[in-house]
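Engineer: Residue numbers (my numbering), protein chains in the order written: chain S, 1 to 230; chain L, 1001 to 1055; chain P, 2001 to 2212.
The C-beta atom is built at its ideal place from N, Cα and C for all residues, glycine as well.
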């Protein structure tokens, strides 16, 4: 892809993210009515869940790029997979922080082991943080690219298995299971606010992704230039 | 502001803070890239000048 | 040589080396018994069955780590691995051979650990033995793959636990659940699922981890 086309993609994504998130925040604070059971604090839902879904999307994207790398052995997929994991971790941290704030305001504690979503993200965060340890510890090259790709694929396999494990673990120690009283069916206004925030968050992740990928590619080409000139 | 409102606002502000932090860190990275490109351009110019002198 | 022939030859090599040098398994045995003794002092006197079982599984996990560090991370092993990769055998045969070796080491350690646990804490039922057997498969499969990854980097002994622990959390859940609740079937089935998914994944991806 030529540089100008890449820049345009970035501008579109960033503009979309800005507008949608601004609109979404406004909707979430001013327009949407209070949830019947939880009240005002349910509004964290409109950011927290889109962020969580975006994190999953990033990890899934990373796994897809990893699969492409192992399939075609083209080096560019390594950077793409790596950047996607980075985005996933950023949004994962955001999920944990917003989830923690929501837990604090709903149940009084900053952390509850009974919240499946929170525990799952903690496990995933540990897993993908180790991804960076792996990358820093191995010399750059095709071997590191292969290993990172395999690890990213293990990550997406871990997501459903961990979720199952966490559900099973609840029966072990009978903790109180903490779920938010989000109704199973969202009303029209709630759904609109949610979708606006979701697409906004995905655009934000996409914009960061394109930015960072460009930066990493520039870095790589600079290294090559430096070596050629010295 | 009730406590619920405080927490909700805190959650949204945290997201904003992280996004802005990312932008700031990225600005630093771009600054470094610019500097390195300038150095390389200078190096290339010098090499070119040396080559012309030698020729 | 056939695939199975390669696997058995590689497994035999690991076991024979261990029989001659006797450095890994005795260390694992001593480690797991010492850990159980430490846990006795760490637990209150009225600890529940779940707490004691949980700590047994923690002990097993770290003993497995100890064995895995020796299986791949030892300097000699890394050079052997490079040599094996050059050989004209299926790379996943290397993985399976190593997995068998690791499992034998683990089971040798558990032959001592489980009676020690029964002596120090509480009796061991069939569910615990079944859970341990299933868990060994998962620990060996995942551990062998991650061990090969860690061996390629710096600070290998530090890296392997970091990679290993998040991935084996489900094994701990399955293991403790099978031995401490009244419904072992579900947890044993879950361990089976974990083994199936991650053994297949590890088998398929080992080739990519050790080659360029």
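(1) Taking the alpha carbon of residue 2036/P as the reference point, which residue from 2019/P, 2054/P and 2021/P has its own alpha carbon closest?
(2) Between the segment 23 to 34 of chain S and the segment 114 to 128 of chain S, are three or more C-beta pairs nearer than 8 Å?
(3) Per DSSP, what kind of secondary structure is residue 35/S in: helix, strand or coil?
(4) Give the C-beta separation of residue 20/S and residue 200/S to the nearest angstrom, bearing in mind that I take them to be a contact with Cβ-Cβ under 8 Å.
(5) What in chain P is Cβ-close to residue 97/S, meaning under 9 Å?
(6) Counting only Cβ pairs nearer than 7 Å, list the residues of chain P close to residue 138/S.
(7) Given this structure, state the Cα-to-Cα distance separating residue 2102/P from residue 33/S, to the nearest angstrom.
(8) For residue 55/S versus residue 88/S, is the C-beta distance shorter than 8 Å?
(9) Between the C-alpha atoms of residue 2137/P and residue 2199/P, what's the straight-line distance to the nearest angstrom?
(10) Exposed or buried, residue 2179/P, counting other C-beta atoms within 10 Å across all chains shown (16 or more means buried)?
(11) Considering only C-alpha positions, which residue in the set 111/S, 12/S, 36/S and 44/S is nearest to residue 193/S?
(12) Contact criterion: CB-CB distance below 8 Å. Does residue 39/S meet it with respect to chain L?
(13) Counting only beta-carbon atoms, is residue 159/S nearer than 8 Å to chain L?
(14) Between 2145/P, 2156/P and 2104/P, which lies nearest to residue 2208/P when the distance is taken from Cα to Cα?
(15) Tell me whether residue 230/S sits in a helix, a strand or coil according to DSSP, three-state version.
(16) Tell me the residue span of the alpha helix (DSSP H) that contains residue 1005/L.
(17) So, residue 2205/P versus residue 177/S, is the Cβ gap smaller than 8 Å?
(18) Could you work out which residue in 145/S, 158/S and 168/S is closest to residue 65/S when comparing CA atoms only?
(19) By how many angstroms is the C-alpha of residue 2176/P removed from the C-alpha of residue 2056/P?
(20) Between the segment 1003 to 1020 of chain L and the segment 1040 to 1054 of chain L, are three or more C-beta pairs nearer than 8 Å?
(21) According to the neighbour-count rule (16 or more other Cβ atoms, all chains shown, within 10 Å of its Cβ), is residue 37/S buried or exposed?
(22) Would you please verify whether the beta carbon of residue 177/S is less than 8 Å from any beta carbon of chain P?
(23) Taking the alpha-carbon positions, what's the residue 67/S to residue 153/S distance?
(24) When we look at the beta-carbon of residue 160/S and count the other beta-carbons within 10 Å, is it buried (16 or more) or exposed?
(25) 8 Å is my cut-off, CB to CB: does residue 2063/P come that close to chain S?
(26) Residue 2170/P touches chain S at which residues, Cβ-Cβ below 7 Å?
(27) Indicate whether residue 2214/P and residue 2164/P have their beta-carbon atoms separated by less than 8 Å.
(28) Please list the partners that residue 1040/L has in chain S, where partner means a Cβ-to-Cβ separation under 8 Å.
(29) Considering only the alpha carbon of each residue, which of 2017/P, 2186/P, 2203/P and 2201/P lies closest to residue 2080/P?
Structural biologist: Let's see:
(1) Distance from the Cα of residue 2036/P is smallest, within the candidate group 2019/P, 2054/P and 2021/P, for 2054/P.
(2) Three or more Cβ pairs closer than 8 Å define a contact, and the segment 23 to 34 of chain S falls short of that threshold against the segment 114 to 128 of chain S.
(3) DSSP places residue 35/S in the strand class (E or B) of the three-state scheme.
(4) Yes, they are in contact, since the Cβ atoms of residue 20/S and residue 200/S sit about 3 Å apart, within 8 Å.
(5) Neighbours of residue 97/S on chain P: none; closest Cβ ~19 Å, over 9 Å.
(6) 2152 and 2153, listed in chain order.
(7) The straight-line gap from Cα to Cα measures roughly 59 Å.
(8) A contact, by the Cβ cut-off of 8 Å.
(9) Cα to Cα, the separation comes out at about 8 Å.
(10) It counts as buried.
(11) When the alpha-carbon of residue 193/S is set against those of 111/S, 12/S, 36/S and 44/S, the nearest one is in 44/S.
(12) So yes, residue 39/S belongs to the interface.
(13) Not an interface residue.
(14) Ranking 2145/P, 2156/P and 2104/P by Cα distance to residue 2208/P puts 2145/P first.
(15) Under the three-state reduction of DSSP, residue 230/S is assigned to coil, being neither helix nor strand.
(16) According to the DSSP assignment, residue 1005/L belongs to the alpha helix (DSSP H) that extends over 1003 to 1054.
(17) Going by C-beta atoms, residue 2205/P is not nearer than 8 Å to residue 177/S.
(18) Closest by alpha carbon: 145/S.
(19) Taking the straight line joining both Cα atoms gives about 9 Å.
(20) No, because fewer than three Cβ pairs between the segment 1003 to 1020 of chain L and the segment 1040 to 1054 of chain L fall closer than 8 Å, the two stretches do not touch.
(21) When all chains shown are included, residue 37/S counts as exposed.
(22) So, not an interface residue.
(23) Approximately 7 Å, taken between the alpha carbons.
(24) Looking at its Cβ environment, which holds fewer than 16 other Cβ atoms inside 10 Å, residue 160/S is exposed.
(25) Among the residues facing chain S, residue 2063/P is not included, as its CB has no counterpart in that chain under 8 Å away.
(26) Result: 161, 162 and 165.
(27) This structure cannot settle anything about residue 2214/P, because the visible part of chain P is limited to 2001 through 2212.
(28) Within 8 Å of the CB of residue 1040/L, the CB atoms of chain S belong to 222, 225, 226 and 229, in sequence order along the chain.
(29) Considering only 2017/P, 2186/P, 2203/P and 2201/P, the residue with the shortest C-alpha distance to residue 2080/P is 2017/P.
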